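S.K.: Structure below; questions to follow.
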Amino acid sequence: MVLTEVPRGKRVVIKQCSQLHPLIYRRLNDFGINEGKEIFYKGKMPFGGPCFIACKSQKVSIRHCDAQCIEVEAL
Amino acid sequence: MDIAILGNPNTGKTSLFNQLTHSYEYVGNWSGVTVEKKVGKLRAATGNLIDLPGLYTLSPLTKDEKVASTFLLEGKFDGMINIIDSSQLERNLHLTVQLLEYGKPMMIGLNMMDVAKRNGLAIHIHQLSQQLGVPIKPMIARKGKGCEQLDAEKMKAPSFHLQYDDIIEEAIQQCESQMPAKMKHTRWIALQYLEGNEVVQQYLQQYVSLTWLEAWMKDTEKNVKIKHNIALNKLIYRTRETYIEELLKENMITSLLKHKASSETIDRVVTNRILGIPIFLFVMYVMFQFTFDWLGVPISDLVDGLISGPVTSGVEAGLQWIGANAFFQSLFIDGIIAGVGGVLVFVPQIFILFLFISFIEDSGYMARVAMVMDRLLEKFGLNGKAFIPMIIGFGCNVPGIMASRSMEQEQERHLTTMLTPFMSCSARLAVYSLFTAIFFTSHQALIVLSLYVMGIVVALIVAKILSITKYKNEKSLFVIELPPYRIPYAKTLYRSTWEKGKGFVRKAGTIILAGTIVIWLLSYVGPQGFHVPIQESFMAYVGKSIAPLLSPLGFDTWQAGAALITGFLAKEMVVSTLYVLYLVPNTEALHVVIGQQYTALQSYSFMVFFLLYVPCLATVATLKNELPNTRSMLFSIALSFAIAYVLALCVYQIGRLLGF
């Protein structure tokens, strides 16, 4: 499943995120968010606005369309 | 001795900088605050401290991240302080490893030890220091604890060596043998090149043949792909990641004590699905209420009373006592005091606005604003981060434009740069305050708000048009870190407010003062000689020459024309000019004269035109630096002028038809 399908507040592991725009991929990598990492889907803004995720006590916001490129599996 | 500070964004670099240097510098809490390298004198008087923009890794994605790599390659310095957020060790150490590979004398400042402790982290500092081969000092930069331990004398060059895969090690050796003999940091340069650091790649291409480098890079990439089936830069990243994980396993103890972060609770409210935008609008409303009604205007009135009362009469008495002639009396009273005083009156309001902007920046709310506004801005071809330069632009357009450097996409950055001058800066506030106090006494805040909103709406429409025409090739992107909330320290707030606001005070003493004297002279001298009636002065001729252009907009007086010309030097200059040209001693008298000469509609049309007509001189200089070429800058100015003219024309003509 992709990140946006995850229920709010659930822990998941990233399976695949190479579909992301290279810039977004690199920036998330800087935060230590890449394949195999455990993340938290923390919610989203209305009208298809950005969502925010947490990883190792840091919070990052990305757009809905980018979150759809992140394939995850439940822990 | 010159020491550079490097570290991730939001790790307290700038706080440390303030602690270690005398000069007051500007502190911020999101990734774009330190926009160029800043230099301060060390308190210990042993040298200079250089503050570089925050970055996560040396390979740059944004313009401000390029500053650090360029500095490491070309800057002259003796040592580095790497400041680390101890509650985010793992992420921060990626940069540390790259700096250790660079090999200059270095020291690590382990910041935010209090936060780490609260989160249940304990770190074996001594052991970690031995393993990395450089001194590590625990500290809490915001409170100034432990900063004094960062003694440049104790820095030492690290004996650090991280072993990469054999293919990479061999590639490094091949590359080193190609480099000129005098080149330093060869291992680091080779590694950064392989990792894809553009700045380093461009640098090395000056010394080593491009064909060789390309073949070498391609070979290495291919060999890594065959052996490990991953990309070269990923292999480098993984090697560091594994090393850091090992390091932390040995040196960091995470206790089960889980601290419930207050950030969570605040975020649940301010980034709430439904309440997020209303809360942001409410924050803006409170900010403007304080700037005007609640605090700003009362203080400004006090200052005005002081200037037009005791100061003017004091100077008058002084001038008579020393027997100054009419020329000097007029210069001081009608020129300097009226002109500069007219601007100083608004300084309290400007400071209050800056205080609020500093608070929003330092608290960590700014990143949330970007997130809350992203969806709206996406519709106009921008991303949420573009809102940060706009809010800062409310204070002053120049730092606003500089703040857009933290945007990843170049075209989005250029677009944001062009839009920021539409934001109504605090200098423009001085003019609105003057006119609304005359014509719109009962709806002052509403009228001013309408101008701010107009600036934003124009910016968004322009963004939409430009993003589907001139800047259509790049996809808009958005990714931002939401830093933990921090209650800004009073001292920090005071410093950053003063840092931003002092520019206005300085401007009043320099450019406004000089400009006022010139304007006064030009209004005192005419083709017929000295002390001519003001209608026959040079200033009147200049004003009259452009007045016909402005008459369709409703304000064809030569004073308005002259004021708009001087407004290009600094927006608040318009107020000084009006004081001088209407030959009035104080605000009340000016209110009466202007009240007689214009109608409410004409004054509103004037304010609309003035909001947009041309960025001030300082902003134009910044635009020239930040936009790709002079043509873009000229385009930006011409666009503002055209929009201002059309809008003011519509306001006046439609208003007249409606019978205002």
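Read top to bottom, the protein sequences are chains A and B.
Each residue of the first sequence is one higher than the one before, starting from 235 at the first, in my numbering.
Each residue of the second sequence is one higher than the one before, starting from 6 at the first, in my numbering.
Using N, Cα and C, we set each Cβ at its ideal position, and we do this for glycine too.
All values derive from a computational prediction rather than experimental measurement.
1) Anything in chain B within Cβ reach of L262 of chain A, meaning under 8 Å, just list it in chain order.
2) How would you call Y664 of chain B, buried or exposed, if buried means at least 16 neighbouring beta carbons within 10 angstroms?
3) If contact means a Cβ-Cβ distance below 7 Å, which residues of the region 275–289 of chain A contact chain B?
4) Within 8 Å, do at least three Cβ pairs link the region 645–653 of chain B to the region 602–622 of chain B?
5) When we look at the beta-carbon of T571 of chain B and count the other beta-carbons within 10 Å, is it buried (16 or more) or exposed?
6) Compare the C-alpha of V458 of chain B against each of B:F165, B:M428, B:S481 and B:P353 and name the closest.
7) The alpha helix (DSSP H) spanning M111 of chain B covers which residue range?
8) How should D309 of chain B be labelled, buried or exposed, when 16 other C-beta atoms within 10 angstroms of its C-beta is the threshold for buried?
9) Is the CB-CB distance between D339 of chain B and V547 of chain B below 8 Å?
10) What residue ranges within the region 398–483 of chain B form continuous alpha helix (DSSP H) runs of no fewer than 4 residues, ordered along the chain?
11) Tell me, please, whether the CB atom of F266 of chain A is closer than 8 Å to any CB atom in chain B?
12) By a C-beta neighbour count over all protein chains shown, 10 Å radius and 16 as the cutoff for buried, is G389 of chain B buried or exposed?
13) Quick one: is G125 of chain B buried, meaning 16 or more other Cβ sit within 10 Å of its Cβ, or exposed?
14) Is L367 of chain B helix, strand or coil by DSSP?
15) Comparing the C-beta of I279 of chain B with each C-beta of chain A, is any distance below 8 Å?
16) Which residues, taken in chain order from the region 240–262 of chain A, show a beta carbon closer than 9 Å to some beta carbon of chain B?
17) With burial defined as no fewer than 16 other Cβ atoms inside 10 Å of the residue's Cβ, what is the status of G37 of chain B: buried or exposed?
18) Could you tell me the alpha carbon to alpha carbon distance between S305 of chain B and V345 of chain B, rounded to whole angstroms?
19) Which residues does DSSP list as the beta-bridge partners of V247 of chain A?
20) List the residues of chain C that V294 of chain A touches, going by C-beta distances under 9 Å, in chain order.
21) Since L66 of chain B meets chain A, which of its residues come closer than 7 Å, beta carbon to beta carbon?
22) Just verifying my parser: in three-state terms, what is the DSSP assignment at D56 of chain B?
23) If the cut is a Cβ gap below 8 Å, which residues of chain A does M222 of chain B touch?
24) Identify, in the order they occur along the chain, each residue of the same chain with its Cβ nearer than 6 Å to the Cβ of W35 of chain B, setting aside the five sequence neighbours on each side.
25) Could you tell me whether the region 120–137 of chain B touches the region 270–288 of chain B, using the rule of 3 or more Cβ pairs below 8 Å?
26) Pick from B:Q325, B:C180, B:L104 and B:W563: whose alpha carbon is nearest that of T669 of chain B?
27) Taking the alpha carbon of Q197 of chain B as the point to measure from, which residue in B:A450, B:R418, B:S182 and B:I173 has its own alpha carbon closest?
28) On a Cα-Cα basis, can you pick out the residue from B:I282, B:A73 and B:I327 that is closest to N13 of chain B?
29) Is the CB-CB distance between A157 of chain B and I8 of chain B below 8 Å?
30) If F364 of chain B and L498 of chain B are in contact, beta carbons under 8 Å, what's the gap, nearest whole angstrom?
31) Under the three-state reduction of DSSP, which class applies to I287 of chain A: helix, strand or coil?
32) If we define contact as Cβ-Cβ less than 8 Å, is V38 of chain B a contact residue for chain A?
33) Under 9 Å Cβ-Cβ, which residues of chain A neighbour R96 of chain B?
34) Could you have a look at I282 of chain B and say whether DSSP puts it in helix, strand or coil?
35) Quick check: is the beta carbon of N124 of chain B nearer than 8 Å to any beta carbon in chain A?
36) Leaving out five residues on either side along the sequence, give the residues of the same chain with a beta carbon under 7 Å from the beta carbon of V40 of chain B.
M.R.: On the basis of the supplied data:
1) V484
2) Per the sequence presented here, residue 664 of chain B reads as Gly, with Tyr not at that position. The residue in question, G664 of chain B, is exposed, as its Cβ has fewer than 16 Cβ neighbours within 10 Å.
3) M279, P280, F281, G282, G283, P284 and F286
4) yes
5) buried
6) B:M428
7) Unbroken run through M111 of chain B is the beta strand (DSSP E), M111 to N116; no alpha helix (DSSP H).
8) buried
9) no
10) 402–408, 415–424, 431–444 and 449–473
11) Looking at the sequence provided, one finds Gly at residue 266 of chain A rather than Phe. For G266 of chain A, the answer is yes, since a Cβ of chain B falls inside 8 Å of its Cβ.
12) buried
13) exposed
14) At residue 367 of chain B the sequence reads Asp, which differs from the Leu that was named. Of the three classes helix, strand and coil, the one that applies to D367 of chain B here is helix, per DSSP.
15) yes
16) H255, L257, I258, R260, R261 and L262
17) Residue confidence for G37 of chain B is low, a pLDDT of 37 falling below 50, so the modelled location carries little weight; the figure read from the coordinates is stated next. With 16 or more Cβ atoms within 10 Å of its Cβ, G37 of chain B is classed as buried.
18) 14 Å
19) A:E272 and A:E307
20) Among the chains of the structure shown, chain C does not appear; the protein chains present are A and B.
21) L257, R260 and R261
22) strand
23) Those within 8 Å of M222 of chain B in chain A number zero; the least Cβ separation is about 17 Å.
24) Model confidence at W35 of chain B stands at a pLDDT of 33, short of 50, so the residue's coordinates are unreliable and nothing is read from them.
25) no
26) A question about residue 669 of chain B goes unanswered here, because the residues of chain B that appear run from 6 up to 665.
27) B:I173
28) B:A73
29) yes
30) 6 Å
31) strand
32) Note on V38 of chain B: pLDDT 40, under 50, position unreliable in the model; the coordinate value appears next. Output row for V38 of chain B: interface = no.
33) D264, F265, G266, K290 and Q292
34) helix
35) yes
36) Any reading at V40 of chain B must be qualified, since the residue scores a pLDDT of 46, below 50, and its modelled position is unreliable; the value itself is stated next. Counting only Cβ-Cβ distances below 7 Å, and skipping sequence neighbours, we find P58, D69, M407, A408 and R410.
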